[in-house]
Amino acid sequence: MNKTVSTDELLADDDGPLYVAHKKVYPQKVSGTFRRIKWGLMAVCLGVYYLLPFVRWNRGLGAPDQAVLIDFPNRRFYFFFIELWPQEIYYFTGLLILAAIALFLMNALGGRVWCGYLCPQTVWTDLFYAVERWIEGDRRQRMKADAAGMTVNRAARLVAKHAIWLMIAWWTGGAWVLYFSDAPTLVKDLATFQAPAIAYVWIGILTATTYLLAGYMREQVCVYMCPWPRIQAALTDEWALNVTYKYDRGEPRCSVKKAIDLRALGEKVGDCIDCYQCVAVCPTGIDIRDGAQLGCIQCGLCIDACDSVMRKIGRPARLIGYDNDINVQRRIAGKAEVFKPVRARTVVYASLIVAVCAVMLYALLTRTLLDVNVLHDRNPVAVKLSDGSIRNGYTLRFLNKRGFDRVIAVDVDGPANASVHVVGLDSVTPDRPMIIIGRDQTTELRVLVTAPFDEKAEKSVPVTFRVTDIGLGEVATATDHFVTP
Amino acid sequence: MSEHHEVDSVSGRTTTGHEWDGIKELNTPLPRWWILTFYATIVWAIGYWVVYPAWPLVTGYTTGLFHYSTRASVTEELANLEAMRGEKMKVLGNASLAEIEKDPALLALARARGKTVFADNCAPCHGSGGAGAKGFPNLNDDDWLWGGSLDQIMQTIQYGARSGNAKAHEGQMLAFGRDGILKPDQIVTVANYVRSLSGLSTAPGYDAAAGKKIFAENCVSCHGENGKGNQEFGAPDLTDHIWLYGADEATLVETITNGRAGVMPAWSGRLDPVTIKALTVFVHSLGGGK
Ligand code: SF4
Ligand code: SF4
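Chains as they are written, first to last, in the working numbering: chain A, -1 to 483; chain B, 39 to 328.
Following this line, the structure appears as structure tokens:
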């Protein structure tokens, strides 16, 4: 049967939104163990982010003295004592692999602890909430003010809040660009409007994104935009510790007074008094008592909230805690709790982390500061000379990663009686071309290797270019083939 | 629009009021963001008509606010490119050929420019790597018909050989057989003699003394007494291992019978002087340059 409805109802229903209408979350202030951990981690993360560009590191004359610097124009990356070249991009691959496995390991141990404590979205949102609370008051006041509508006082407060937010956001963008240029100089240039336009553009972009993401989108980023909750759900297992409402202890919910009476009668009552404190403090606005869910970022704030409630009513703490369903079930069955931080999954992740670290460390410690790459001429592969001898052409790229010019000798091992010639170079030592490579530079040269024709020789023999630093004796080699037509 | 809106009892949604054969249409509007995007595209399109050439007219088209045209923008970009190159090419123009080869940075620049020009202009005959082919010299080796020094290479590129240019290299291999100067059996004999000059095997029973005599009477004027060739006429060295047309007896007989006169076009006028300079350095640095 059809019924007629009012136009108001219609309008409300009209658009059939694609996702749930935004419900504003007003997280309440909370204090406790996890809140303290979060403050501590926030201080560390933001401290590192904002201050690192100002840390100096002496690399000698002419080299930048910034400890962490991504030098795009000169294609160098500096990290304290490490200087990386574009050719060594695999170190970054290694770091990304490490980051991924570390995330997996965290997830296997404590669920989405990354989300709750370390993710930039969480850290900055938390900071923005702190500012909001400082200026607009706690949950109740904010809700009341929102409902009451605009007053002069409120307008002033809003202006103040957004100003501080924008300042934080602006400084976040500002710190970002400092990683790409000498920080003190750039700060000065920015202040005097001398800095390159691209710096202002990036500061603008990051100011906007920080302000929008941490000030407005907040938990929506975690729930709608971030892929990690979905991936995480597929990666987790039943032993991972998640923020869990221990329903075995909490249910049935019951008011304090009634609970005392019922307990006196020896009846089973739960510890949860249905006070909604855990919901009030949740930055994503969910009710953890509904069980594990996508919205929960494992920040532990509901644990702190419930703990203080339990303290007040004289019941044991950790009605909500890092736990898992296995233990809930075991307690219901009257068995002891078990925690298995060491299991196949975590052992594999941990050993992978150790292995990748070891490989990277080995590569880093054994990396050479003199390098040579070789590319054989493709067309023609080999050339027959008028005296019948055979010549092959190569392009050699020399890399001098040291901070001074070096004299390099080029030798070649390969076909019998081979001679080597560098195009464009009249060598003082005819059989052993010597070249100079500028400090911190690459040089590309065309090198010709000539060998007498030998009918019995193989069509293709390996040829090794050995380049030797005359001063230091450092040697680098590259191998290719010498081909006879 | 119908006056009253009904709610479908099954889906709980309103209907549009349209009905066909008892089937009613549910009112399922597009999501608002979609509609807004749609309006935004309309606004965008109007802006586009105004700013860019858009509407074809009978004899032309609306040119838009800025008279933008892709053709003009390509021309402009090309001009910019030339201007950009001009700066660097000026340096090449001012340096001598030898100076360019000595300076690694200039050499790299000349080679880079030379390589692209070579690919565009020279590769059809000499191959993309300059390896040549039958009748088209390999530019990587050390055998040069007209000389392999920087200056000689530049001259050959500028004016060519038998190109019709007044300054072109001239000189040709005569058609000894076709013109009746030598008889077929003499040609075979001298062909074998030429093979022997570079240490190649000769046909059994061939008369070396007769070959030498024919060679002395007909060939030394260009190829020299010892068959070492003469770069003035582009006469190849017959004692080395490099053969432009091939060294087997049949090919040699063909060469001697009908002669040879390959043509290298003149590039001066077609390529600007700096480009020819870059090309010269590139060819020289292929490895055969003297
Ligand atoms: S804070 Fe604790 S007692 Fe209060 S509703 Fe949440 S779980 Fe129950
Ligand atoms: S449910 Fe608890 S742990 Fe999860 S996001 Fe909310 S407050 Fe944090």
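Beta carbons are placed, not taken as given, at the ideal position from N, Cα and C, and that holds for glycine.
Given a length threshold of 3 residues, each whole run of the beta strand (DSSP E) inside the segment 310 to 370 of chain A is given here in chain order: 318 to 321. Taken in chain order, the whole alpha helix (DSSP H) runs of length 4 or more contained in the segment 242 to 299 of chain A are 245 to 248, 254 to 262, 275 to 279. Rounded to the nearest whole angstrom, the CA to CA distance from A/Ile406 to A/Val418 is 14 Å.
Excluding five sequence positions before and after A/Met40, the CB atoms of its chain that fall closer than 7 Å to its own CB belong to Val121, Asp124, Leu125, given in chain order.
Taking all protein chains in view, the Cβ of A/Phe463 is crowded by 16 or more other Cβ atoms within 10 Å, so the residue is classified as buried. Cβ contact annotation for A/Gly298 (same chain, cutoff 7 Å, sequence separation greater than five): Phe32, Gly114, Val241, in chain order. For A/Gly319 against A/Lys244, the beta-carbon gap comes to about 7 Å, under 8 Å, which counts as contact. In the DSSP annotation of this structure, A/Ala145 is not part of any beta strand (DSSP E); the continuous alpha helix (DSSP H) holding it starts and ends at 137 to 146.
The alpha-carbon separation between A/Gly436 and B/Gly165 amounts to approximately 35 Å. Per DSSP, reduced to three states, the secondary structure at A/Arg131 is helical. DSSP places A/Thr466 inside the beta strand (DSSP E), whose first and last residues are 458 to 467.
Interface annotation, A/Thr441: in contact with chain B, CB-CB separation under 8 Å.
Closer than 8 Å to the CB of A/Lys454 there is not a single CB belonging to chain B.
Under the 8 Å criterion on CB atoms, A/Val175 is classed as non-interfacial with respect to chain B. Contact check for B/Asn256 against B/Ala241 fails: the beta carbons are separated by 8 Å or more. DSSP links B/His164 through a beta bridge to no other residue. Residue range 311 to 323 is occupied by the alpha helix (DSSP H) that includes B/Leu317. With a cutoff of 7 Å, A/Gly298 counts as near ligand 2, since its C-beta is closer than that to a heavy atom of the ligand. The beta carbons of A/Val372 and A/Ala476 sit about 4 Å from each other, so the pair counts as a contact at 8 Å. Within chain B, not a single residue places a beta-carbon under 9 Å from that of A/Arg404; the smallest gap is close to 15 Å.
Rounded to whole angstroms, B/Ala110 and B/Pro94 show a C-alpha spacing of 18 Å. Residue contact check for A/Asn398 against chain B: no CB pair falls below 8 Å.
The DSSP-derived three-state label of B/Thr53 is strand. Taking one beta carbon from each stretch, the segment 407 to 415 of chain A and the segment 351 to 364 of chain A have fewer than 3 pairs nearer than 8 Å; the two do not touch. B/Leu282 places its beta carbon 8 Å or farther from that of B/Gly168.
For B/His261, there is no enclosing beta strand (DSSP E); the residue is found in the alpha helix (DSSP H) stretching over 258 to 261.
Of the candidates B/Val228, B/Glu57, B/Gly218, B/Val228 places its Cα closest to the Cα of B/Lys250.
A straight line joining the alpha-carbon of B/Ala254 with that of B/Val232 spans about 11 Å.
Pairing A/Val46 with A/Ala65 gives a Cβ-Cβ distance that is not under 8 Å. As far as DSSP is concerned, B/Lys205 takes part in no beta bridge.
Closer than 8 Å to the CB of B/His261 there is not a single CB belonging to chain A.
Taking 8 Å as the upper bound for CB-CB distance, A/Thr282 and A/Gly293 are in contact here, some 4 Å apart. Within chain B, the C-beta atoms nearer than 8 Å to that of A/Gly391 come from Asn178, Leu324, Gly325, in chain order.
Contact check between the segment 294 to 305 of chain B and the segment 186 to 199 of chain B: three or more CB pairs, one atom from each, fall below 8 Å, which counts as touching. Every unbroken stretch of the beta strand (DSSP E) spanning 3 or more residues and falling wholly within the segment 34 to 78 of chain A is given here in chain order: 66 to 69, 74 to 77. The Cβ-Cβ distance between A/Trp83 and A/Lys399 falls below 8 Å.
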